[in-house]
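First residue of the sequence shown? That's -5 in my numbering, and the numbers climb one at a time after it. Here's the structure we're looking at; comments come further down.
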Amino acid sequence: MDEQFTIGRLSSRAGVNLQTVRYYERRGLLSPAGRKESGYRIYSLDTLKRLKFIRRAKELGFTLEEIRGLLDLRIEPAQSKDACDRVREKASIKLKTVEEKLKTLTSVRKVLKGFLNACDRRSPTEQCPILKA
């Protein structure tokens, strides 16, 4: 029989909190393998792997809906070349989004540095370049 986990052990092993596990259950991303006689939820090793995948995908910037799509592709037959192409396409789209955000943040950083360099800290607030912006 596969290793089974309570919600506390599952969340601890996956590096997320209990509320996150419950939230993902409500969103349909996770489901318990069953319940103990005491009524406590039990989770399988596959659920732990799935939860770790979700956490990692979130760290990479994927939304829960995007993750749902990736999870759907994960359960397709391994020989499905089309599924691999679709995963690659989703990752490519995410990379473009991240690159656009980096470009915007770089621009914001440049403007903020300019404001800070123009600020002499001794002028009255009506002459503050940051507040004039």
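Yeah, the Cβ is synthetic: ideal placement off N, Cα and C, and Gly gets one too. It should be emphasised that the depicted structure is a prediction, and the values quoted were computed from it without experimental measurement.
Membership of R115 in any beta strand (DSSP E) is not indicated, and neither H nor E is assigned to it by DSSP. Contact annotation, R29 with R35: C-beta distance approximately 6 Å; criterion of less than 8 Å satisfied. Annotated three-state conformation of G22 is coil, per DSSP. Where S38 is concerned, there is no enclosing alpha helix (DSSP H), although the beta strand (DSSP E) around it starts and stops at R35 to S38. By the criterion of a C-beta distance shorter than 6 Å, I61 is surrounded in its chain by I48 and A51, once the five residues flanking it on both sides are discounted. For L58, the enclosing alpha helix (DSSP H) covers residues L58 to R68.
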